[in-house]
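Visitor:
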Amino acid sequence: MEFEFVRNDSGFSALAEKWNQLLARSVTDVPFMRHEFLQTWWSTLGGGEWRDAELNIGVARDLAGDLVGLAPFFRTRTLDDRPGLLLLGSIEISDYLDLIAPEAVIDLFAENLLKALAVDPLQAWEVIDLYNVLETSPTLDALRSAAENQGWTYTQTRFRPSPVVELPDDWEMYLAGLGKKQRHELRRKMRRAAELPEGVEWRIIGSGDDVEQAVETFLRIMALDERKAGFLTPIMQTQIKRSAMAAHAHGWLQLVVLDIGGRPAAGYLNFDYGGRLWVYNSFIDPEYFDSSPGWVLLGHVIRWAISNGRREVDFLRGGEQYKYQLGGRERFVCRLTIERR
């Protein structure tokens, strides 16, 4: 296994095709780790989350020159104000992150990665600080073992919950799996919305629509929520818009809207990827709170996912109660740190 480190934008761009091909065979294949998503993240440093950063992507090839592993790192000052290596996408923008390597080679890749980091004279870091790695990922054990072999300190903690709904074969089976109260509430809210005199319709923004304009409308209404308005700085809006358009260009954006009386009352910016739906962002127009448009639209989205053969609806990070009320199963992402001596 031959290692090199890519530290410039042109080298990052050149990896695009092989990057996504390798990701499709890796221990964790999620939309947040696709090349186009991380390249948009890098263009704004996570919507301004980081001020200073340098690319430091570990690239491993076999003796034939084929790509076998990627450590999509960047160098910066960590949240603990230490020189460190983090995964591109950290921390708030990308709900799941990981090393990129097939399970058959993840142990060898992790071992060679840390060896390469130990001897590279340009590696000015104190800590590898990785967020949002699923607690089921084989990478955790691989890095733990590799760190111990180097005589370095490995620490792992749960970071945030990430509830996921495992979907059955039909809508009625899904409803039957909910608690009695939640099943009644979902049915009641959807029925009551359908009976509104002004009319209710949900739609998926399609190829015939102006997707860019739809994303801008999404962000405008999203900012009506006081809790989200502070988050949606101009550079963060640029980040979300670029991510959405990159997903659209590569065929895995799902933008859904619930209209009441012909006006958008609620919306979800989802990723339709790998046989799953990933619920990434949302808006609810405060004017329509009494009609529970968020619950109603999620009901339609989940029913669509079941009808179209999706295996899961992933609610991503955050322990909001509605995620569990709609069938979310408890799951966590981790933070791990490796400190060299």
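Position in the sequence shown (first residue = 1) + 792 = our numbering. Beta carbons are placed, not taken as given, at the ideal position from N, Cα and C, and that holds for glycine. Only a predicted model underlies this, so the values are computations on that prediction, with no experimental measurement involved.
Identify the continuous alpha helix (DSSP H) that holds Pro1026 and give its terminal residues.
Guide: Counting along the chain, the unbroken alpha helix (DSSP H) around Pro1026 starts and ends at Pro1026 to Ala1041.
Visitor: Helix, strand or coil for Tyr1065? Go by DSSP, reduced to three states.
Guide: strand
Visitor: Using DSSP with H/G/I as helix, E/B as strand and the rest coil, what is Gly1059?
Guide: Here Gly1059 sits in strand by DSSP.
Visitor: Can you look up Ile997 in the DSSP assignment and give me helix, strand or coil?
Guide: coil
Visitor: Return the chain-ordered list of same chain residues with a C-beta closer than 6 Å to the C-beta of Ala1218, the five sequence neighbours on each side being excluded.
Guide: The requested residue 1218 is not part of the displayed model; the chain covers only 793 to 1133.
Visitor: Please classify Lys1115 as buried or exposed, where buried requires at least 16 other C-beta atoms within 10 Å of its C-beta.
Guide: By the 16-neighbour rule on beta-carbons within 10 angstroms, Lys1115 is buried.
Visitor: What ranges does the alpha helix (DSSP H) occupy inside the region 908-966, keeping only unbroken runs of at least 4 residues that lie completely in it?
Guide: Whole alpha helix (DSSP H) segments, 4+ residues: 930-942.
Visitor: Figure out for me which residue from Phe824, Ala896, Leu859 and Arg843 has the closest Cα to the Cα of Ile1027.
Guide: The option with the nearest alpha carbon to Ile1027 is Arg843.
Visitor: Between Leu814 and Ser886, what straight-line distance do the alpha-carbon atoms span, to the nearest angstrom?
Guide: 19 Å
Visitor: Under 8 Å: do the region 844-853 and the region 1083-1092 share three or more Cβ pairs, one atom per stretch?
Guide: no
Visitor: When the Cα atoms are used, what is the spatial distance from Gly1091 to Asp801?
Guide: 42 Å
Visitor: Three or more C-beta pairs closer than 8 Å, one from the region 904-916 and one from the region 1094-1107: is that the case here?
Guide: no
Visitor: How big is the Cα-Cα spacing for Gln1005 and Pro823?
Guide: 22 Å
Visitor: Count the other CB atoms, across all protein chains shown, that sit within 10 Å of the CB of Thr832; report buried if there are 16 or more and exposed otherwise.
Guide: buried
Visitor: Assuming contact is defined by CB atoms lying nearer than 8 Å, are Leu970 and Leu978 in contact in what I supplied?
Guide: yes
Visitor: Under the three-state reduction of DSSP, which class applies to Pro875: helix, strand or coil?
Guide: strand
Visitor: Leu855 to Ser835, Cα distance in whole Å?
Guide: About 33 Å.
Visitor: Grab the span of the beta strand (DSSP E) containing Ile849 for me, first residue to last.
Guide: Residues Ile849 to Arg853.
Visitor: Determine the closest residue to Glu1079 out of Thr1025, Met825 and Leu1016, with distance taken between C-alpha atoms.
Guide: Leu1016
Visitor: Taking Arg1012 as part of the alpha helix (DSSP H), name the residues at either end of that continuous run.
Guide: Val1003 to Met1014
Visitor: Output the boundary residues of the alpha helix (DSSP H) element that contains Ile1094.
Guide: Its alpha helix (DSSP H) spans residues Pro1085 to Ser1099.
Visitor: For Tyr888, which three-state DSSP category applies?
Guide: coil
Visitor: Give the secondary structure of Leu970 by DSSP, where H, G and I count as helix, E and B as strand, and everything else as coil.
Guide: coil
Visitor: What's the gap between the Cα of Met825 and the Cα of Asp962?
Guide: 30 Å
Visitor: How many Å lie between Trp811 and Glu796 at the Cα?
Guide: 15 Å
Visitor: Could you tell me if Met965 is buried or exposed, where buried requires 16 or more neighbouring beta carbons within 10 angstroms of its beta carbon?
Guide: Met965 should be labelled exposed.
Visitor: Over what stretch of residues does the beta strand (DSSP E) that includes Leu859 continue unbroken?
Guide: Leu859 to Ala863
Visitor: Beta-carbon within less than 7 Å of Thr1129's beta-carbon, same chain only, minus the 5 sequence neighbours each way: which residues are those?
Guide: Excluding sequence neighbours, Thr1129 sits near Val919, Ile920, Asp921 and Thr947.
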